[in-house]
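Report on the structure given below.
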Amino acid sequence: MEEITEPLIPANETPQTSQADEPAPDFDPKTMRKTKPGLKRLILTVSVLFSFILGIPLIYKSVEIYRAPLPFLEIDSLSAEIDSDPLLFPCRFQAIFIGFDWKSSITSLESSILSQMTKLTHQGPPCGTCSPNHTVSVVLDSDSHCLQSRTGSCSWKCGSIGAADFDGDEETVDEVLESVVGGCSGSHSAGEVYTVVVMNTGEEVRAVVGKYRQAWILGRVSEAEAVSRAAEVFVKVFVNGGKEEGLIHGEFMPVGADGMVVLSFNLLNADPRDWIYDWDFQTVDETLLTPIIEAMKPVANISVESQVLYHVPKSSLSYWDDKWDSYIFSTKDLPFFVNSNEWHLDTSIAAGGRSKMLHFVVYIPSAEECPLLLQLPDGQISKTNSFISPMWGGVIVLNPQTCRKDSESKHPSRHTLLHEDLQTLFEVFMGQFRQLFGFKSDNLYIGASGTYNLLPSERGFTVWELDVLSRMHMCFNLHSCATTLGSLSRLVQSLPRMIIKDEIGKQVKYSLEAAKLAQTNASLGVYDASAVSSRQARSLAEDAFFHPSIMSVSYYSFEHCFAVYSPFFLPVSMHVILAALREWRRYKKENKKYMVWKAKMKDAS
Amino acid sequence: MALLLLLLRPILILSLFHFAPIFHSEAALGSVAEEDFSEELLLRPLPDRKVLAHFHFQSRAPHTNSNGRHHHLFPKAISQLVQKFHVKEMELSFTQGRWNYDQWGGFDPLSSSNAKPPGVELWAVFDVPHKQVDDSWKNLTHALSGLFCASINFLESSTAYSAPEWGYRPDSGSLSGLHLTSSEFESEGVGSGIVLEQTLTVVVQPSSQRTVRIYSHETKLQPSWSLTSIFGRKVSGRCVLAKSSIVYLQLDSSLVAELDSLQKENNISSTDKYVSEDFSSNACFEVSVKPDRVLKELKGFEKKNPSVLYEFSIDKYNESGPFDLGLTWTVPVAWSCQKAPLHVSRFLMGSGNERGAIAISLRSTELTNKLLHTDSNEGRCKLEVKVFQVVPWYIKVYFHTLQVFVNEQPQAVSDVVEKMLVSPSVDKVSPGVLEMVLKFPCGMKSAAITLDFDKGFLHIDEYPPDANQGFDIPSAIISFPNFRTSMQFLKDDSSDKSSILSKFEENSAVLAYTEVLLVPLTTPDFSMPYNVITITCTVCALYFGSLLNVLRRRVGEEERLENKEKEPGWLRKLYAKLTGRPLEPVESTSTSSSLSSSKLKFIILVAGIAVFWQVYYG
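In the order they appear, the protein sequences are chains A and B.
Read the first sequence against my numbering and you will find it ends at 605, with the numbers running on by one and no gaps.
Read the second sequence against my numbering and you will find it ends at 1223, with the numbers running on by one and no gaps.
Here it is as structure tokens:
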């Protein structure tokens, strides 16, 4: 369709109207016109264009997919908050000095312990520890006087413990202390009370950390030493759990989102043609593991299963070393020890969706690689012949007593691991288990001011360690909640055409609320409520992230939308815009002509 | 040497029996003191020059009070599956190819319980209240699909499964068998062990090494084979964990009969030739290894000759002296396996994409004649057949069109159908299920059942990836409750029986699966929506654009322009040529109207040509 925009009006064919008029002497139809240009068509095209522009939001609205509003800002602020301001709990400490005749006042002792503690927590306390404004109370108990800094519901009765009470072995001392001081803990909502008793008795300085929330230091120590030691026990042991820096990052905690841990114990016979080992794990489960599971109840719900696997070689080869007279497997090859193709360890059926599986593997090498030893990076042989893999579990290599295969008999020798063997194995397991949770496997803490003997608990974890664990668990839950929500928000923002159901929005909202609640409860020292809501926050966040509607791939991309609508809107919009433009240009031109003519007429008149 | 192995029919069946004490025969199995494992292999020459290999691995776990958490030999994953979903019995089979009921037999325990329909079949009996059965089923399918890395989870959809009311159950054969529930679930379940049977059944075509040499006889002589030629390796020793590992070589009863008659022709006195320990004097075939024991089947009521089992215990072989069983035929032998009472086949009738019919045809075999003529003089001899058929919802079966033909004569449905249970399909919810108990007269030669159906339409989202291939109708299950497959083998009183043999002894009904049908449905052109969108949009845009142009057209100005230009346009030249009139200078007003009318005529002409083209050549 051709457009005629130029007003080609020859002189001899001017319209009748202009002919009727008195022709102006210098009327040039090319540059002037006598009538006012019409606005009809301009208004028409512009109104069509305008209605089109008005229609764009409507179209956009109609092709829009449903996206529940997610609180992106709040998610970001939660992660920022957890990064910058880690979850800290109020803790109370009590230092009891017995039998010292110091001149300094209690308040000065208190302040010096506090300053020591702040010095020890130099670069900001990590997540899941105690807040830096500690509450320290000091008791100075000697024959002559009894001074007490704070008198609360849990006050120290002077003289209730004498030097004679520390004569017994450590276990009994621990029990005595627990009976005297232990009543304080738990009575308060504002956290547990950790006590250090410094006793002026004997020559040799001895420091012991008990199974409950007490530690004691015996010996003739100076005031400064007593203060620094008490501060160190408080900060390094009771607060940080006696961990070495950089062992396992505290943010990892092998507990599932539903608070379940499945301990899967596996006995692996690399080649049953050489020898077959079996075990009676059920008795181990009943006798040794049950108390530990009971003790861990507040932190995690643990279930145990076991199996024996056959024909399961490791995936990397070892080499023969004459020096050790055995096969050596070095540390750098350890990532290739676990043969995930053939070791059918994972049984996700019983574990359910959110539980954490921890695999403990006892590997019995075949006759071809017996005895098999694990070599440490410094060339030494691992004492326990075992290793752990964080968040996965541990492996113990158990060599048969004699590595000679009985070649005469056709049948392989069958053995059942004796109870004593199982007991030693179990000790290694326990060490690995503690390590997986970030604790030391041995019971000795070497601090800056001396060595501390940590009393081991027959339940695997001492009371103060469990405190550390539950604090860490809360922190870990909140941390993983924040990271999960952060990834969700990034994912949602990166896919603008993804459908987000209301349910996800709700889950995110509740998760954020639970996280907030956990934080406030933690700062108030309400441990139980904080644990519950932190767990809730994490599982809700994971529910939202793993919602089936997010998993589905079928969402229409913007390209699809464009492809569907462009065959109509592209040509039509070209027509509309061009028409409006042309009409506008024409109107301007004609108007100019009319103006010229009008000016001429004015001049003429 | 090029070794050609033709894998015809690998079937992998995982069957799980969580034995409750209510099953008396298996109660002894269920209460073993320790977990154990046994492995067995059954080899059987087939009449059509093939060899059947049936591997049977059985694991048993006793009931323990640890609730299935600690295991020594039994797979932990399976036991957890049983514990978690309260599975009482379960059978999962993966099948490729189809069992040839005519050639490979249809009347032995193997074909009845191990021959399965192509694809995946899963059936399970749960120990949960009725309401939870569907949930348990869905969870189980998902767990299995994870465990086996197969898309078993598609069985979760309610259109993919059904529960037979009084239909079939391969093992017990009782009528009230496969209820998916049991009311007394509290009392059972506890205090029972688990038995896991893993079987692999393969039919292979052995490639004879001597083909070249005896080419002339090859057509008659059965191919000789050995374990090396079939599987490419020898047995270098037993699995050290297995309680027993045994290889059986089975000779069919009809093969034994054939061999007997051959020997009689050669005037060799042959009473129990194949059973006797004197093995070398056999003239028809040679077995490379001397069997440890020869077992003979107890004569059944209908069997003339017992089938024979050679038992080879793998205990005494090791890597230095591996076990390599070979069978060499010296005399051409031809025999045929014992067939099912009726030969069953199913096919589609009708053409086109709208409607069709399913037909199941039953043809009597010689067995039926033999078996039933004996007691037909009683007059009320009836042959009972049970049919279980699941039809997907998009095949809309009209159950009232059920027609029965006996000996090619139409019969009243009520004369033949003893019982019938129909649950019609619900669109996108559940499949249609048909269960029938038919009673045929004994002297019947052939019978047929037909059902008409309409093909439904699916939503565009519901089509599978390769929709043009067609849609499968699953196999129908035909069982013959009057006929029992059970093989009892004479065995000296050794206390623990081999698991294959005890499996053979189970008295189960003869059962056959029909072919899978492939129904072509009307499949749309899947790019059609886009084409429609594009064409409609283009038309709309054209209309809209021209409307807009017409609205803002200035007729007066155009006419002036038209008059000004002297040369006629190409359209007018063409028009002048077409009409034969000389090109004349056009007048201002009249030409414009005549030109527009001629334009219109031209457009109508072109459109007419296009329509004509479309109708007759398109």
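Built from N, CA and C at the ideal position, the CB exists for glycine as well.
Rounded separation between residue i and residue j - CA only
i: leucine 805 (chain B); j: asparagine 705 (chain B); result: 17 Å
i: serine 1091 (chain B); j: valine 949 (chain B); result: 21 Å
i: threonine 424 (chain A); j: valine 692 (chain B); result: 38 Å
i: alanine 518 (chain A); j: aspartate 528 (chain A); result: 10 Å
i: histidine 188 (chain A); j: valine 468 (chain A); result: In this predicted model, histidine 188 (chain A) has a pLDDT of only 47, less than 50, meaning its place in the structure is not dependable; the value taken from the coordinates is given anyway. Approximately 18 Å between the Cα atoms of the pair.
i: valine 687 (chain B); j: alanine 962 (chain B); result: 41 Å
i: lysine 743 (chain B); j: phenylalanine 1088 (chain B); result: 35 Å
i: tryptophan 728 (chain B); j: serine 859 (chain B); result: 33 Å
i: serine 605 (chain A); j: arginine 585 (chain A); result: 30 Å
i: aspartate 641 (chain B); j: asparagine 301 (chain A); result: 32 Å
i: phenylalanine 387 (chain A); j: cysteine 127 (chain A); result: 27 Å
i: phenylalanine 753 (chain B); j: glutamate 761 (chain B); result: 15 Å
i: leucine 418 (chain A); j: valine 362 (chain A); result: 14 Å
i: lysine 598 (chain A); j: aspartate 26 (chain A); result: 12 Å
i: valine 304 (chain A); j: glutamate 294 (chain A); result: 12 Å
i: methionine 574 (chain A); j: tyrosine 1148 (chain B); result: 13 Å
Neighbouring residues, chain A, relative to residue i (Cβ below 8 Å)
i: cysteine 986 (chain B); result: Per Cβ cutoff of 8 Å: no residues; cysteine 986 (chain B) is ~51 Å from chain A at best.
Contacts that residue i makes with chain B (C-beta to C-beta distance below 7 Å)
i: glutamate 305 (chain A); result: Arg674, His675 and Lys681
i: glutamate 583 (chain A); result: Arg1157
i: proline 412 (chain A); result: Val845
i: aspartate 278 (chain A); result: His677
Nonlocal neighbours in the same chain, by C-beta distance under 8 Å from residue i, ignoring five residues either side
i: glutamate 863 (chain B); result: Val938, Ala939 and Trp940
i: lysine 236 (chain A); result: Leu120, Gly242, Tyr445 and Gly447
Unbroken beta strand (DSSP E) run spanning residue i, endpoints
i: tryptophan 275 (chain A); result: 275-278
i: threonine 1090 (chain B); result: 1082-1090
i: tryptophan 728 (chain B); result: 724-731
i: lysine 1182 (chain B); result: Element bounds for lysine 1182 (chain B): not the beta strand (DSSP E) but the alpha helix (DSSP H), 1175-1184.
i: arginine 898 (chain B); result: 898-901
i: cysteine 146 (chain A); result: 146-148
i: alanine 1117 (chain B); result: 1113-1118
i: valine 852 (chain B); result: 850-856
Same chain, Cβ closer than 6 Å to residue i, five either side skipped, listed in chain order
i: leucine 1106 (chain B); result: Phe1094
i: tyrosine 327 (chain A); result: Ser318, Trp320, Glu369 and Leu372
i: arginine 538 (chain A); result: Ala257, Asn477, Ser480 and Cys481
i: leucine 953 (chain B); result: Gly961 and Leu1122
Where the alpha helix (DSSP H) containing residue i begins and where it ends
i: leucine 578 (chain A); result: 558-604
i: phenylalanine 1109 (chain B); result: 1104-1110
i: tyrosine 510 (chain A); result: 502-524
i: threonine 833 (chain B); result: 832-836
i: alanine 226 (chain A); result: 223-232
i: asparagine 385 (chain A); result: That residue, asparagine 385 (chain A), is in no alpha helix (DSSP H); it is neither H nor E in DSSP.
Neighbour list for residue i in chain A, Cβ cutoff strictly below 7 Å
i: threonine 1139 (chain B); result: Pro567
i: cysteine 1145 (chain B); result: Phe568
i: cysteine 1142 (chain B); result: Pro567 and Phe568
Partner residues on chain A for residue i, Cβ-Cβ distance less than 9 Å
i: leucine 1153 (chain B); result: Leu44, Thr45, Val48, Val572, His575, Val576 and Ala579
Residues that residue i contacts on chain B, provided the C-beta gap is smaller than 9 Å
i: arginine 497 (chain A); result: Here the premise fails: no neighbours, minimum Cβ distance about 18 Å.
i: tyrosine 594 (chain A); result: Neighbours of tyrosine 594 (chain A) on chain B: none; closest Cβ ~16 Å, over 9 Å.
Amino acids of chain B, ordered along the chain, whose beta-carbon sits closer than 8 Å to that of residue i
i: tyrosine 60 (chain A); result: The premise fails here: tyrosine 60 (chain A) is roughly 17 Å from chain B at the closest Cβ pair, so nothing lies under 8 Å.
Chain-ordered neighbours of residue i on chain C, where CB pairs are closer than 9 Å
i: phenylalanine 1149 (chain B); result: You won't find chain C in this structure, because its protein chains are A and B.
Close-in-space but distant-in-sequence residues of the same chain around residue i (CB under 7 Å, 5 per side omitted)
i: arginine 843 (chain B); result: Ser850, Ile919 and Asp920
(message) Threshold first: 4 residues or longer. Then list the alpha helix (DSSP H) segments lying entirely within the stretch 405-488 of chain A, N to C.
(response) 419-436
(message) Restricting to runs no shorter than 4 residues, where is the alpha helix (DSSP H) found entirely within the stretch 922-980 of chain B?
(response) 971-979
(request) Pick out the complete beta strand (DSSP E) segments inside the stretch 632-668 of chain B, 3 residues or longer, and give them in chain order. (result) 641-650 and 656-666
(message) What ranges does the alpha helix (DSSP H) occupy inside the stretch 990-1055 of chain B, keeping only unbroken runs of at least 4 residues that lie completely in it?
(response) 1018-1021
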